[in-house]
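Position in the sequence shown counted from 1, then plus 124, gives you our numbering. Heads up, the thing below is written out as C-alpha cells.
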Amino acid sequence: MKRQTLIATALAALIAPAFAADIALPEHAHPEGVVFDVAGNLYVTSMGRGAVDRVRPGADAAEPFIAPGSGGLMGAQGGRIDEKRGLLYVCSSHNGANPHAKKGASALKAFALADGSLQGSWDLPGGANAYCNDMVVLPSGAVLVSDSLNPEILILRPGSDKLDIWLKSDKFAGKRYALNNLALEADARTLYIGKLDSGELLRQRLTADEQPAGEPEILRLPRRIDDPDGIALLAPGKMLICEASVVANQGKISLLEIDGDRVSLTPVIENADLAVPTGVAVRDGKIYVAESQVAALFLPERAKDGLKPFAVRRFELPANLAALAAKP
C-alpha cells in the first residue's frame, strides 16, 4: 500500500484541477455516458434528448450522430463500443429527463458505428419495470447489462434474440435504483459493479468461458462512494470513478486503487463545480466527464441552482496517472 500512499499524497495538490476547454453539447442534453472509438471519436449519450452525439478528434462541439428518439430511444444511457463488430451499444430507459419520451420497455440497443443505423433492440425482462443502465462487451461479443430496478445482471449472447439472466444476487438488491455502473478489466476476468443506493463497489470474477465464478464480493471501502457512476479503467485494479453526489449537486472524480479486497479512494477532480458527473473517459492525457445536471430536474431544492450550458467537461490528466492510462 506504500505506492498507493505516494499516489494519494501526490494527488492532494490536484484537487483543484487543471482545466481544458469544454466540449459544447446541444440544449437539454443531460449527458450520461462518454466513450471513445479507436479513431478518437467521442460518443455522448443523452438522457434529456434520447440521442447520441459525436465529437470528432480536435472538435470543440458535438455533432448529431443518432437523432432523438431513433430506434425508440427514450433516454440514452451508458455506451460501449464493440469495435470488432462495428457496434455502439446504448441503454434506452425512461427517468423523466426527456420530456418528449413516453415510458415504455427499457431496452438495450445496438447502432452501427458506420452510420448510426439501428442494428438491434432487446427489451429487458422487466419491461417498463426495469431500467437498463450500463453495459460491458465480453470478448465473445456477448453483452452484460445492469438493471437498476432488479437485482440481476443480464446477458445478450451472440445471435440471441433476448436478454437472459447472467447473475442474480441478494447483494444486488437495494432501494429503487441500485445497480448502476459496470467496468470490465482488460483480461475480461473481473467485473466491477457500482451500487447507486448504498455507495458500494462489488467485484465479480468470470471464468474463461464468460460465466460467473463464485459469488459477487463487496469490496472494503474507506468510505461510501458518493453515488457511484461511470468508470474509466487506467490499469488493472486502478480506475477513475464518477462520484455523482446528486443531493449536493457537487460531484467529483476519484481514483480507485484495489489491492485484494481493500480499496483506496482518492479525489482527483474536486471543487470543479461538477453538477452530477455520470460518465468518464480518458484519452491523450485528458479526462472527459459527462456533466448530467439532473439534480436540477429531479430535486426541488436543486431547481434553484439552474442549468449551465451543457458540455462534456475536460480536464488535464495528472502526470502521475498518465503512465497508468490504458491504451484505447
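Using N, Cα and C, we set each Cβ at its ideal position, and we do this for glycine too. In this text, all values refer to a predicted model and were calculated from it rather than measured experimentally.
- Following the DSSP letters along the chain, one finds residue 444 inside the alpha helix (DSSP H) bounded by residues 443-446.
- As for any alpha helix (DSSP H) of minimum length 4 sitting wholly inside the region 360-433, the runs are 419-422, 424-427, ordered along the chain.
- Around the beta carbon of residue 162, fewer than 16 other beta carbons lie within 10 angstroms, which makes this residue exposed.
- The bridge partners DSSP lists for residue 288 are 279.
- Put simply, the region 341-361 touches the region 313-329. At least three CB pairs are less than 8 Å apart.
- Taking a contact to require three or more Cβ pairs closer than 8 Å, the region 223-239 and the region 421-432 do not qualify as touching.
- Per DSSP, residue 331 is not a residue of any beta strand (DSSP E), being assigned neither H nor E.
- The beta carbon of residue 411 is closer than 6 Å to those of 439, 441 in its chain, skipping five residues each way along the sequence.
- Here the alpha carbon of residue 168 sits roughly 9 Å from the alpha carbon of residue 160.
- Judged by their CB atoms, residue 366 and residue 382 are not nearer to each other than the 8 Å cut-off.
- Secondary structure at residue 295: helix, using DSSP grouped into helix, strand and coil.
- In this structure, residue 291 places its C-beta atom within 8 Å of the C-beta atom of residue 328.
- Under DSSP, residue 231 shares a beta bridge with 216, 247.
- Shown here for residue 146: same chain residues with a beta carbon closer than 7 Å to its own, the five before and five after excluded, namely 435, 436, 437, 438 in chain order.
- Residue pairing of residue 356 in beta bridges, as defined by DSSP: 364.
- 151 is the residue among 151, 183, 164, 184 whose C-alpha sits nearest the C-alpha of residue 173.
- Taking C-beta separations shorter than 6 Å and ignoring five residues to either side along the sequence, the partners of residue 341 in its chain run 327, following chain order.
- Following the DSSP letters along the chain, one finds residue 226 in no beta strand (DSSP E), marked with neither H nor E.
- In this structure, the straight-line span from the alpha carbon of residue 236 to that of residue 311 is close to 25 Å.
- Closest in alpha carbon position to residue 175, among 338, 183, 194, is 194.
- Taken through DSSP and simplified to helix, strand or coil, residue 318 comes out as strand.
- DSSP, reduced to helix, strand and coil, places residue 338 within a strand of the structure shown.
- Of the residues assessed, residue 201 falls on the buried side of the cut-off, its CB having 16 or more other CB atoms within 10 angstroms.
- Counting C-beta atoms within 10 angstroms of its own C-beta, residue 371 has fewer than 16 neighbours from the protein chains shown and is therefore classed as exposed.
- Closest option to residue 165, judged by alpha-carbon separation, among 295, 289, 187, 397: 187.
- Selection 212, 149, 155, 171 evaluated against residue 185 yields 149 as nearest (Cα-Cα).
- According to the DSSP assignment, residue 157 belongs to the beta strand (DSSP E) that extends over 155-160.
- Apart from the 5 residues on each side of it in sequence, residue 288 sits with its Cβ closer than 6 Å to the Cβ of 279 in its chain, given in chain order.
- When DSSP assignments are scanned along the region 150-208, no uninterrupted stretch of alpha helix (DSSP H) that is 4 or more residues long falls wholly within it.
- Rounded to whole angstroms, the Cβ separation of residue 250 and residue 234 is 20 Å, and the two are not in contact under 8 Å.
- Here residue 294 is actually not in contact with residue 323; their C-beta atoms are around 18 Å apart, not less than 8 Å.
- For residue 266, the three-state secondary structure derived from DSSP is coil.
- Straight-line measurement puts the Cα of residue 271 at about 11 Å from the Cα of residue 252.
- Between residue 397 and the set 385, 414, 423, 338, the nearest pair of CA atoms involves 414.
- Under the DSSP assignment, residue 146 falls in the beta strand (DSSP E) whose first and last residues are 143-148.
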